[in-house]
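For what it's worth, my numbering labels the leading residue of the sequence shown as 14, then goes sequentially. The structure under discussion appears below in the form of structure tokens.
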Amino acid sequence: MLKWGIKMDDEIGYENYGADTLDSWVIEKVDDWNDTWKTNYKNAFDEYYRLWRGKWSEEDKANQSERSTIISPALQQAVESSVAEIEEATFGRGAFFNIRDDITLPEEPKTEEEAQATAAKMEELKQNKLKIRFLREKLNDDFAKAGIRKAVGECLINSAVYGTGIAEIVVDMMDEVKPVQTMYNNQVTQGTTLESRTIVKLRPIQPQNFKIDPLATSIETSLGVAIDEFVQPHQIKLLQEQGVYLPVDIGVDSKTTSDLDADHTIIDQPKEKVRLTKYFGLVPRHLLDKFNGTDEIITDLEEEIEASVEEQIEDAEAVLSAEVEAKVGPFYVEAMVVIANGSTILKAQENPFYLKDRPIVAFQWDVVPGRFWGRGVCEKGYSSQKALDTELRARIDALALTNAPMIAMDSTRMPRGAKPQVRPGKVLLTNGDPREVLQPFNFGSVSQISFAQAEALQRMVQTSTGAIDAAGIPGSINGEATAAGISMSLSAIIKRHKRTLVNFQDSFLIPMVKMAACRYMQFEPDRYPVNDYVFEVTSTLGIIAREYEVTQLVQLLQTMSPDTPMYPMLVSSIVDNMQLANREELMRLIEESAQPNPEEAKRQQAMDQMQIDFQQSQTNLLNSQAATEQARGEKVMAEIRALPLELENDRVRALAALERAEKEPGKDFKEKLGLAESFIKEGKLGLDKAKFLSEQ
């Protein structure tokens, strides 16, 4: 031990961590986590698997007298319907992810100086947009080659049955054989070419093969995670030849049965198999360094410094401090460890990925607070399914008693050696009157109420799981298939499926796509553009949700005429939600029909202008006619006002003539003449005033 204030391995207290080798430390953790899983979850998961597969086991008996082994398909239908809804919502439209394109191109420059200044930036932005489009198409092609959709479907089934879907992101090499034509001696020959490239695969993991810290709620918060399973020996041999695993000798696992078997219902399990434990997580740094031989370097440095202690103590202390600080880091380091048969390390290294992430993704079908293992469809419908199975088995057992012919007899009066069997045409010999020796016997009939009970229990399974198909909807709404009742029921179903879909997208789908893209960027940078992209889901509604939305749109479409501006939009939405073979072509035709024809637009514009001109001319004509009529009316009113004056003048002239005939005008005549003159003056003033106002 050195004495210069530098804390070495034996002073850190590594002996308190329970293991002195890397393989023993990992296997100890994995076995402890496996014991916790077996105690709390194994029996329940095994029963969920049997109910989903429809396989009966002796421990599934509700009572000892139960003889029938039938299992109702209600829970199987619930699992398949729920998985199909989520899978259709994810992959129903082809591409299931997108890359966010928030690049905004600048406006067109107005001057030549601005064009020169923004030309380089514009070109860079266009290149970035092309990279996003290229990466999206490239990932879609590679996902199709790697069978990602099938693997995701299996993860969805595991999640619906066990409550949690788990998968491993595997980076592998794929050999692509392509047909080519080559020139040989001026002749065209046909052949093939072999191209090796990196491929990212998704490998579903069964819950019995996945080990995690019982206190962890996610993969990131756990000390580590492990995949513990049986594999074929030749798979390890191939990876050793490729240099992935260390070239060490491995045997086969001697256990004939184990909790790690993929299907525990199989009686004869494979015998030639190797237990392969892959651990991803934190490990003590000193154990990893010890396995990789890094501790030997530090030990050599200690020996060299011990040899020069007496001569150059100060120099030795400086050298040791620098070297140890370079080698000693945090206690835990993120690593990948692969162990065969619990004792032979095939691979141990620090996490080689860019993001230092663990290549495991998982999601819960229904979240259970504070737990990693979720709540699946089988757990939701477990009680109802068990009650339904008990009801059906009891009815079948009762039918066996009521249908089979039975007979009671007096055994003391039967001939010796007679076989007590009943069958058509059989002759029964008796010692005495057969009516006294033999008597038919039965247990009555089965109650018809069991049919109604079985139907009610099946509705309970559908209600608990939320997996109600079109045939079960009317029966689940008090037997009334009204439009309002079905709409309310569908709304509840869609909300439950949407909740699971969002959880699946956020916890599994997007992390899987991002992790796969980062692996491609790391191992094939010449094929994939390297950048920090944001991935988004393009999942849509499931089958039930789309049917419900189409129904609502059709009802809305019936309330409006085809000339309504919203009519083409509703038709487009209906076609978009339908599973038609030529849906894309129909959508294109609808979009083209919605766009106006340029020639028709010009013709319509000319007709509109002509209509405007015609209306303007009509307006001008009507205005001129109105002005003429107004002038004519004013003239008539003036003539009407002038008529009393003329009559008064005539009366004055008549009076004057009369007075002249009498030779001398009287006093009354003078008064009448003055009054008439005043009326005439007032009339003239009124006419002048009216004329003035008309001119204004």
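Heads up, the beta-carbon is just placed ideally off N, CA and C, and yes, glycines get one too.
Buried or exposed: residue i, going by 16 or more other Cβ atoms within 10 Å of its Cβ?
i: Ala329; result: Its pLDDT being 49, under 50, Ala329 is placed unreliably by the model, and nothing is read from it.
i: Thr290; result: buried
i: Leu522; result: buried
i: His510; result: buried
i: Glu468; result: exposed
i: Asn416; result: exposed
i: Tyr367; result: exposed
i: Pro578; result: exposed
i: Val649; result: exposed
i: Tyr546; result: buried
i: Arg472; result: buried
i: Arg645; result: exposed
With distance defined between alpha-carbon atoms, name the residue in the options nearest to residue i.
i: Asp519; options: Phe376, Glu72 and Gly355; result: Phe376
i: Leu300; options: Leu35, Pro343, Val43 and Lys139; result: Leu35
i: Phe464; options: Ala407, Lys224 and Lys432; result: Ala407
i: Ser37; options: Cys531, Leu412, Pro297 and Leu259; result: Pro297
i: Leu207; options: Asn198, Met186, Gln219 and Ala97; result: Met186
i: Val244; options: Lys250, Thr443 and Lys286; result: Lys286
i: Ala348; options: Thr357, Val649, Ala361 and Asn354; result: Ala361
i: Asp154; options: Gln638, Gln622 and Arg540; result: Arg540
i: Phe109; options: Gln617, Thr177 and Val550; result: Val550
i: Gly355; options: Asp114, Ile263 and Asp274; result: Ile263
i: Val96; options: Gly389, Leu405 and Asp73; result: Gly389
i: Tyr54; options: Glu254, Thr641 and Gly387; result: Gly387
i: Asn444; options: Pro283, Gly438, Pro433 and Ser424; result: Ser424
i: Tyr175; options: Leu441, Gln221 and Lys144; result: Gln221
i: Val92; options: Asn171, Ala640, Pro283 and Gln471; result: Asn171
i: Phe456; options: Leu412, Ser477 and Val474; result: Leu412
i: Thr357; options: Lys144, Pro260, Ile280 and Arg426; result: Pro260
i: Val515; options: Glu613, Val380 and Ser209; result: Val380
i: Ala102; options: Thr513, Gln638 and Phe627; result: Thr513
i: Phe58; options: Pro428, Asp272 and Asp114; result: Asp272
i: Thr476; options: Leu442, Ser397 and Val440; result: Ser397
Which residues bound the alpha helix (DSSP H) around residue i?
i: Gly166; result: Ile161 to Tyr175
i: Phe536; result: Ile523 to Phe536
i: Pro575; result: No alpha helix (DSSP H) holds Pro575; DSSP gives it neither H nor E.
i: Arg448; result: Pro447 to Val450
Quick one: what does DSSP say residue i is sitting in, helix, strand or coil?
i: Pro192; result: strand
i: Thr211; result: strand
i: Asn111; result: strand
i: Val337; result: In this prediction, Val337 has a pLDDT of 47, which is less than 50 and means its spatial position is unreliable; what the coordinates show is noted afterwards. Helix at Val337.
i: Asp200; result: Per the sequence shown, the amino acid found at residue 200 is Gln instead of Asp. Looking at Gln200 - three-state DSSP - the assignment turns out to be strand.
i: Leu514; result: helix
i: Ala417; result: coil
i: Ala348; result: strand
i: Phe385; result: coil
i: Asp33; result: coil
i: Gln629; result: helix
i: Tyr62; result: helix
i: Phe304; result: helix
i: Pro581; result: helix
i: Met766; result: With the chain represented from 14 up to 709, any question about residue 766 goes unanswered, as that position is not in the structure.
i: Pro453; result: strand
i: Ile40; result: helix
i: Thr230; result: coil
i: Ala87; result: helix
i: Val244; result: strand
i: Asp185; result: strand
Among residues of its own chain, excluding the 5 on either side of residue i, which ones have a beta-carbon nearer than 6 Å to its beta-carbon?
i: Ala164; result: Leu215 and Pro217
i: Ile182; result: Pro372 and Met528
i: Lys224; result: Val43, Trp46, Asn47, Ala239 and Asp241
i: Thr211; result: Phe536 and Glu537
i: Val435; result: Pro418 and Ile420
i: Gly26; result: At Gly26, the pLDDT of 48 sits below 50, so the modelled position is not reliable and the matter cannot be decided from this model.
i: Val543; result: Met534
i: Thr49; result: Pro227
Please list, in chain order, all residues of the same chain as residue i whose beta carbon is under 8 Å from its beta carbon, the five residues on each side excluded.
i: Asp410; result: Ser78, Glu79, Arg80 and Ser81
Since residue i is in the beta strand (DSSP E), which residue starts that stretch and which ends it?
i: Leu441; result: Neither: Leu441 is in no beta strand (DSSP E) and is coded neither H nor E.
i: Lys291; result: Val287 to Pro297
i: Val474; result: Per DSSP, Val474 belongs to no beta strand (DSSP E); it is in the alpha helix (DSSP H), Ile462 to Thr478.
So, for residue i: in the same chain, excluding its five sequence neighbours on each side, which residues have a beta-carbon less than 7 Å away from its beta-carbon?
i: Asp33; result: none
i: Pro453; result: Ile420
i: Phe293; result: Gly237, Val238, Met349, Arg371, Pro372 and Ile373
i: Lys191; result: Thr205, Thr206 and Glu208
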